[in-house]
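In the working numbering, the protein residues as written are 597 to 1154.
Note that CB positions come from ideal geometry on N, CA and C, so glycine has one too.
Shown next, in structure tokens, is the structure this report addresses.
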């Protein structure tokens, strides 16, 4: 989508997660009124054009998760208005330009997971991340490569009134304009469809209770710290009429902030028992550093002696679980896009966060949909945060029956493969339109969900699995591929399940045939050895009614 001002000037370009390829043309520098460029999560390659430095009004630039190579253009330091810069997860090399240290407005910088080298300049950005660059961040200096540094800023009520938080995105959709500016765009756009995503980073690293009149200006890194009374007013004193979700960690309320921003407020159960202020602050900060197109962004928080609350942007399209039951039905293409977006979000949590984050309750109810029906993984980070040195964690079982991996249910040990299992069940829910526990309730669905799915796959009767609301409007080859990915993800032994990075590649059409063939050979070997199949052993764990009753009590964050 091309976003234009009322004068017909192009001010926003965005096409995140559109599988775009090719290069970014230097003619982008001709659009001198650009304020926002969002091209993350694509396959764009080549050099980052130095002409980006000719955009004096640019405040947000996100080129992350692409295939850009070469050096970071020195001209980016000419962007005096730039506040938010993400170039992470590319193949950039060379040194970090020392001139970036002179960018006084830059508040968020992510250069992680590239091939950068050389000294680290004295960056002014309040939040920066350069982990995953081995020539800069060795094991002994990792703590210097990702942190939020305190930079006190003076309060200004006028500035507060003029600032525009990202939660107000919906109020800033500007009408599309076609005219002379569109002709200029066509020189370089590559046929992009662009989405406006307003990001405002009014950061202030002050973390203590203050007088009422200053409460809106208290922040931790990129998070706003709310006063409890403010959230009381926003949610009509946490009225039951405002409840939009209930889960093991607490209720979620729809709220309206004073400036009109619509938010979702999660009021955590037993707030005073969650931990001390320092522990809570640390965990909140870690959650806030997990920034990805397919992750629910933490907007703010509230902490009192007896309360702990988290504030998120409100997702008007609700959860995947609700949309699967609603009319009109989600079309096949949307379901595929939800699967891939969810996989990319989990990949980021598992392999690109430091420390990595295990979700532990991957299910349709925890996958939200934004205004464009893009998958947004919610409730991550509320379970145990894993240190990158740990291979697993043993703790109280949290999850939802039907989605809990067998090793987690029986031993309490969770790992990334626990989430992979839950993702496999989610794929089957997207295909069938049924929740995990709804399987086996009809005459042709006897047994546990995985037994039945494996059976219809072997008998080449996958049409029996598909949501009837799709009315045959789906691709049979894509259906079989998605079922195969689901069965690979739900294998009994964690070691046999793929990593989320492999899952993403398979959903993108790379490597599934080889993985499936290897899995079938291993299954044949196990059968010859008279071992139980993975689905049979999982059935033993889930079919016992008393165990199901206990598992229902374990239902975790939703």
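query, result
"Sheet register partners of residue 658 (DSSP bridge)", "634 and 682"
"Contact belief for residue 943 with residue 1097 at Cβ below 8 angstroms, rounded distance in angstroms", "5 angstroms"
"Beta-carbon separation (whole angstroms), residue 915 vs residue 886, contact threshold 8 angstroms", "With 8 angstroms as the limit, residue 915 and residue 886 do not qualify as a contact, their Cβ atoms being about 19 angstroms apart."
"Top-ranked residue by Cα proximity to residue 874, from 904, 894, 893 and 858", "904"
"Short Cβ contact (8 angstroms threshold) for residue 819 with residue 851", "no"
"Sequence-distant residues of its chain with Cβ nearer than 7 angstroms to residue 720 (five each side left out)", "697, 699, 700 and 702"
"Residue burial classification, residue 1055 (beta-carbon count within 10 angstroms, cutoff 16)", "exposed"
"Beta bridge counterpart(s) of residue 862 as assigned by DSSP", "848 and 906"
"Burial state of residue 1041 (16 or more Cβ within 10 Å)", "Confidence in residue 1041 is poor, its pLDDT being 46 and thus under 50, which makes the residue's placement unreliable; the coordinate value appears in the next sentence. Answer is buried; the Cβ neighbour count reaches 16."
"Three-state secondary structure (DSSP) of residue 1123", "helix"
"Residue 737 classed as buried or exposed, judged by whether at least 16 other C-beta atoms fall within 10 angstroms", "Residue confidence for residue 737 is low, a pLDDT of 47 falling below 50, so the modelled location carries little weight; the figure read from the coordinates is stated next. Answer is exposed; the Cβ neighbour count stays below 16."
"Alpha-carbon spacing of residue 637 relative to residue 1124, whole angstroms", "44 angstroms"
"Proximity below 8 angstroms, CB of residue 635 to CB of residue 606", "no"
"DSSP state of residue 854 mapped onto helix, strand, coil", "coil"
"Short Cβ contact (8 angstroms threshold) for residue 1108 with residue 1074", "no"
"The segment 920-929 touching the segment 1079-1093, judged by at least three CB pairs closer than 8 angstroms", "no"
"Buried or exposed (CB count within 10 angstroms, at least 16 for buried), residue 951", "exposed"
"Length-filtered (4 minimum) alpha helix (DSSP H) runs lying within the segment 893-954", "916-921 and 928-943"
"Other residues of its chain near residue 1095: CB distance less than 6 angstroms, five sequence neighbours each side excluded", "none"
"Exposure label - residue 881; buried when at least 16 CB within 10 Å", "buried"
"Rounded C-alpha distance that separates residue 1012 from residue 626", "45 angstroms"
"With 16 other Cβ atoms within 10 Å as the buried cut-off, status of residue 1113", "exposed"
"Residue 1032, buried or exposed, once every other Cβ within 10 Å from all chains shown has been counted against 16", "buried"
"Distance, residue 710 Cα to residue 728 Cα", "7 angstroms"
"Residues of its chain near residue 613, where Cβ-Cβ distance is below 6 angstroms and the 5 sequence neighbours each way are ignored", "637 and 889"
"Beta-bridge partners of residue 971, as assigned by DSSP", "965"
"Distance CB(residue 848)-CB(residue 862) smaller than 8 angstroms", "yes"
"Cβ-based burial, residue 681 [other Cβ within 10 Å; buried from 16]", "buried"
"Three-way DSSP call (helix, strand, coil) for residue 726 in this model", "coil"
"CB-CB length for residue 690 against residue 660, believed under 8 angstroms", "About 18 angstroms separates the two Cβ atoms, so there is no contact after all."
"Among 879, 906, 1111 and 704, the one whose alpha carbon lies nearest that of residue 860", "906"
"Simplified DSSP assignment, three categories, for residue 703", "coil"
"At least 3 beta-carbon pairs within less than 8 angstroms: the segment 964-975 vs the segment 1046-1061", "no"
"C-beta contact flag for residue 1081 and residue 1058 at 8 angstroms", "no"
"Extent of the continuous alpha helix (DSSP H) run through residue 1018", "1012-1028"
"Chain-order list of residues whose beta-carbon lies under 8 angstroms from that of residue 1052 (same chain, five-residue window excluded)", "1058, 1060 and 1061"
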